[in-house]
Each structure stands twice: as C-alpha cells, then as structure tokens.
Amino acid sequence: MTPQALGFRTSSAMILNTVPTPESPSEDHSSLIRVKQSPHNHRRAAQSQSRGAMTMTSSNPTSGAPRSGAVKPECSTSYGAVPSSTAHVMELNNKQIDRLRSVLSQSVEIHGRDNFPTLEIVLSALISRVRRYLINAGLHLKAVKLNGGAASYCLANDAFQYSDLDLIFPISLATEEDFDKVRQAVFAAILSLMPELANSICADTLKEVYVSKMVKVCNEEDRWSLFSLHNDFGKCIELKFVDRMARQFEFSVDSFQITLDPLLDAEGLNHPVHRPVVVAESVFGDIRQALMHLQRRLIDTRNPEEIRGGGLLKYCGLLTRKYAATPNCREMEKYMCSRFFIDFSDIQTQEMKLRAYLDNHFGCEDELKLDYLQILHKTIKESTICLMGHERRQTLQMVDRLRQQLEYGLMCSSLSVSTTPESSAASGMSSPAPPSSTASTAGEIGTFASSPGRSTLLYLPPNSNFWIPVV
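For the sequence shown, this note's numbering gives the first residue as 49, with consecutive numbering after it.
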C-alpha cells in the first residue's frame with residue numbers, strides 16, 4: 049500500500065557527512081574539563097553505512113505530513129515565543145528547580161571511538177560554551193530549552209529514570225550560511241574540549257569520532273538541524289537548532305520544554321538560595337493533562353502518522369519501561385506501524401534503525417532489550433495492516449533473530465561467569481578458563497579471558513525459542 053493510499057505525505061531530511069573545519073579561539077578550559085582515556089572499543093555499525101557519503105531519508109525525526117491549507121509562521125517570530133494560552137505553561141516550584149539544577153550540574157561524557165579520549169564536562173558548561181560560539185558567529189539565539197526525558201524528570205513527582213539529554217536552541221536559520229555557522233559553532237565547541245596537543249584535529253575526523261548523528265532538515269514545514277554526541281551507555285546528548293518545526297513531540301510524556309536561561313546565568317546556578325522564575329511548556333497542549341499522563345505513567349499522543357517513523361520504536365520503549373497505553377493510543381497502533389513501514393520500507397533500514405534505537409536508549413541493559421524486542425514483535429504482529437503477508441513475516445523474523453542473538457549473548461556471558469576461577473575455588477573443583485569472549489554485563493565491558501578455554505557448540509532448532517548445547 050502506498051503512502052498516498054494511507055493519506056500520508058512525507059518530506060525530506062538530509063544526513064550530512066561533510067563539514068568545514070571549525071575555528072576555535074584558544075582559551076584555558078582546565079577548570080571545566082576532565083579528559084579520560086576511552087577504556088574500550090566503540091561501536092561502528094551505525095556510522096559505517098553513512099560514512100563518506102550523503103544519505104537521503106524520507107522525512108525528519110519528528111515531523112510529518114503538512115496539513116493542506118495550513119500556513120506555518122516563520123520560526124524567527126514564532127518558535128521560542130511564550131504561548132498565548134496559559135494552559136500550556138507553568139512555573140517550576142522549588143523541588144522542580146532543584147531537580148533542574150542537579151541535571152545542569154551533572155558531568156556528561158562524550159565518548160571517542162578507537163583510541164580517542166573520552167571528554168567529560170559539566171552540562172551547564174557545555175551549553176554555555178555552545179551558546180557563546182553561536183553568539184560569536186553572529187546568530188540570533190532566542191533561548192535554550194531542555195526537552196525529552198530530562199525535562200520529564202524535573203517535573204515528575206516520584207522517581208523517574210531518563211537516559212537522554214535533549215537540548216533545543218531556538219534560532220534563526222534564514223540562509224544556508226546560518227546552517228554552516230551552526231555546524232562550525234558545534235564543532236568548535238567540541239574541539240575546545242580536546243587537550244591542547246589535539247587542537248589541530250580536522251573537523252571530519254572530529255565528526256567520525258565524537259558525533260554519532262548529524263541531521264539537516266530544510267523544507268516548507270521544517271527548518272532545523274541536529275547533532276547527537278556519542279555515548280556508549282545510551283546517555284546521548286542531542287543538540288537541536290530549530291528555526292521552525294511542524295511536529296515538536298511524539299508523546300505527551302516527552303512534550304515538556306523547560307527554558308534554561310534563568311539558571312544558566314551565573315547567579316541563578318551558583319546561588320541555590322536565589323529562586324529564579326523558570327517556566328515549563330507542554331507542546332502537546334494542556335500541561336496539566338500532560339503532567340497527569342507523566343505522573344500516572346500513561347502513553348498518549350495524537351496524529352502519529354505525522355511523526356517520523358510513526359513513533360513506533362519509542363512507543364514500544366515506553367511499554368518496556370512499564371508505561372500503560374491509553375485506549376486512544378492503542379487504537380492508533382496501526383497508524384504508528386503504517387508510518388514506520390512507509391519511512392523504513394526495506395528490511396536493512398528497519399534493522400539499522402532498530403539496532404541504533406537499542407544502543408542509544410538501552411545501552412548495556414540486555415534484559416530490557418529482550419523485553420523490548422518481544423513487545424515490538426507483538427505490536428507489529430497485531431497492528432500492521434499495510435504490508436503484504438511475506439513482508440510482515442520478514443520483519444517479524446528480523447526482530448526474532450535479534451532477540452535470539454541477544455539470548456545467545458546472555459547465555460555465553462552466564463557460562464563465562466559460571467566457569468570463572470572464583471566459582472571453581474568455592475566448589476573445591478578445578479575448572480577450565482572461560483571462552484575468549486567479551487563480557488556483556490553492565491559492570492564489565494570489554495573484559496577478555498586470559499586463555500582460550502573450552503568451547504560449547506549451540507544449536508537453534510527451527511521454530512524453537514532456545515539454544516541446545518551440542519558439544
């Protein structure tokens with residue numbers, strides 16, 4: 049079934065892979081930055097397919113089909129402005145401001161690939177640095193906003209886990225030169241975090257080492273760019289520079305945007321006694337309803353066919369983390385699946401997107417990855433109506449194969465742990481060394497055995513959900 053038959057219309061997004069070398073003013077950052085050597089090798093799979101070329105995708109990550117007859121205002125006068133309806137905004141209380149301070153005061157890590165060092169810096173210092181380079185480039189920056197899981201954490205009443213740090217920079221991007229200035233400012237900020245001896249590194253190398261994703265969207269409905277900084281444990285830092293954006297959220301629980309400027313001032317951040325006025329906004333609509341969904345862990349959205357990928361992967365991620373879908377949201381699962389398969393029509397792209405989502409949002413939580421794949425398999429099986437039978441079976445087999453690979457990895461890890469010298473000494477028996485494989489526990493990553501040891505051959509019978517040891 050074609051997108052037109054479903055009533056969808058997609059726009060275009062561009063994955064950029066070439067950028068000019070940024071110019072970074074020399075300054076002393078030793079009091080803000082700590083450089084650590086990366087302890088292990090890093091993932092290359094997600095970038096290997098786009099390296100050295102320009103890749104075109106069917107839409108942008110959060111924007112979808114424009115509504116006919118609608119005229120979108122220019123971002124230079126609309127985005128970042130205070131909403132006219134007070135039902136969309138609220139002022140943070142003391143507890144919420146304290147949580148926001150803790151988020152801005154935390155150290156964040158940008159992991160380098162290969163032997164490049166890990167960069168560590170306080171989040172507020174990173175934001176201030178990017179903001180300074182943007183202003184020095186002559187760009188009109190309206191504000192800085194915290195979005196996504198970190199913003200939801202600040203507003204939640206109880207314990208709330210988040211892995212992503214999404215930052216929005218409302219900014220005027222009237223020309224292609226403005227996009228170039230933004231790119232140069234981001235790379236100059238990253239380059240300034242490097243040790244002095246490494247300041248001669250070129251921008252292309254810097255992009256390959258520290259930036260996991262670069263996106264540029266420029267059409268009638270949307271005009272923005274995104275930079276995702278690499279983190280091996282799923283704690284990604286995304287810098288989004290927005291002129292205008294047709295769809296600013298996926299679900300109500302991630303629709304919050306907190307303006308950071310009052311706390312980014314030196315007085316507001318360094319003097320906890322001072323209580324600045326900090327405002328939060330819900331781009332979903334009524335902020336009270338969005339907060340109710342957040343406190344009760346409910347999943348709700350509207351018009352998922354407007355979302356890049358239909359929001360399907362994130363929807364299953366929320367279900368994995370014990371959120372409950374409202375009846376309205378369950379009815380829209382078929383639209384999520386339809387938009388997902390419109391945007392990612394071939395099995396290779398589907399697998400690449402799924403692997404990237406697992407790495408970026410679950411890190412080393414392999415048990416949660418298994419739960420996620422089971423939920424995704426069930427959702428696709430029950431709610432997909434736009435595919436031919438063999439196409440749906442192909443996608444389900446791909447999801448099932450990834451789940452079996454994870455199960456096999458967990459089994460190998462448990463076998464390695466059970467045959468360690470410590471466990472053998474406790475039982476009074478000698479045991480061969482574990483196989484020479486990488487441990488995949490959360491505490492140890494990249495730990496190798498000292499000897500080849502004994503190997504176990506496992507067999508996966510057809511239509512079976514578990515592996516059988518053969519030798």
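Yeah, the Cβ is synthetic: ideal placement off N, Cα and C, and Gly gets one too. The model shown is predicted, which means the values in this text are computed figures rather than measured ones.
Beta-carbon proximity check, residue i vs residue j, cutoff 7 Å
i      : j      : result
Ile22  : Ala338 : Here the chain covers residues 49 to 519 and nothing more, so residue 22 does not appear.
Leu203 : Gln144 : yes
Leu308 : Leu194 : yes
Ser431 : Lys362 : no
Val301 : Leu360 : no
Val230 : Ser273 : yes
Lys288 : Ile216 : yes
Ile347 : Phe299 : yes
Ala199 : Phe304 : yes
Arg323 : Asp291 : no
Cys460 : Phe389 : no
Glu168 : Ser155 : yes
Distance, residue j Cα to residue i Cα
i      : j      : result
Asp313 : Asp419 : 42 Å
Thr349 : Leu402 : 21 Å
Asp522 : Tyr405 : Missing from the structure shown is residue 522; the chain here goes from 49 to 519 and no further.
Asp252 : Tyr201 : 35 Å
Phe208 : Lys283 : 15 Å
Ala135 : Val265 : 30 Å
Val331 : Met138 : 12 Å
Glu225 : Gly186 : 11 Å
Arg149 : Met293 : 28 Å
Ile285 : Glu379 : 32 Å
Ala373 : Gly196 : 18 Å
Phe410 : Pro218 : 29 Å
Leu528 : Leu254 : A question about residue 528 goes unanswered here, because the residues of the chain that appear run from 49 up to 519.
Ser462 : Glu269 : 50 Å
Met262 : Gly333 : 29 Å
Proximal residues to residue i (C-beta, below 6 Å), its chain only, five neighbours per side dropped
i      : result
His278 : His159, Tyr258 and Ser260
Arg345 : Tyr371
Arg387 : Glu353 and Gly358
Glu399 : Met446
Val151 : Ala198
Arg177 : Ala237
Assigned exposure category for residue i - 16 Cβ within 10 Å defines buried
i      : result
Ile183 : exposed
Arg295 : buried
Gln232 : buried
Glu354 : buried
Val325 : exposed
His188 : exposed
Ile172 : First, the residue type needs correcting, since residue 172 is Ser and not Ile in the sequence shown. Answer is buried; the Cβ neighbour count reaches 16.
Asn142 : exposed
Asp391 : buried
Thr166 : buried
Asp407 : buried
Phe427 : At residue 427 the sequence reads Thr, which differs from the Phe that was named. Buried, because 16 or more other Cβ atoms sit within 10 Å of the Cβ of Thr427.
Met242 : buried
Cβ shell of residue i (< 8 Å), same chain only, five flanking positions each side left out
i      : result
Ile423 : Cys364, Leu367 and Thr368
Leu454 : Asp414, Lys417, Leu418 and Leu421
Gln442 : Ile395
Same chain, Cβ closer than 7 Å to residue i, neighbours up to 5 away in sequence not counted
i      : result
Met384 : Pro352, Gly358, Gly359, Leu360 and Tyr363
| said: Extract the residue ranges of the beta strand (DSSP E) inside the stretch 227-269, only unbroken runs of 3 or more that lie entirely within it. | reply: 259-266
| task | For the stretch 181-213, list the beta strand (DSSP E) runs that are entirely contained and at least 3 residues long, ordered along the chain. | result | 193-195
| What alpha helix (DSSP H) runs, 4 residues minimum, are completely inside the stretch 338-414? | 360-368, 375-379, 381-391 and 395-410
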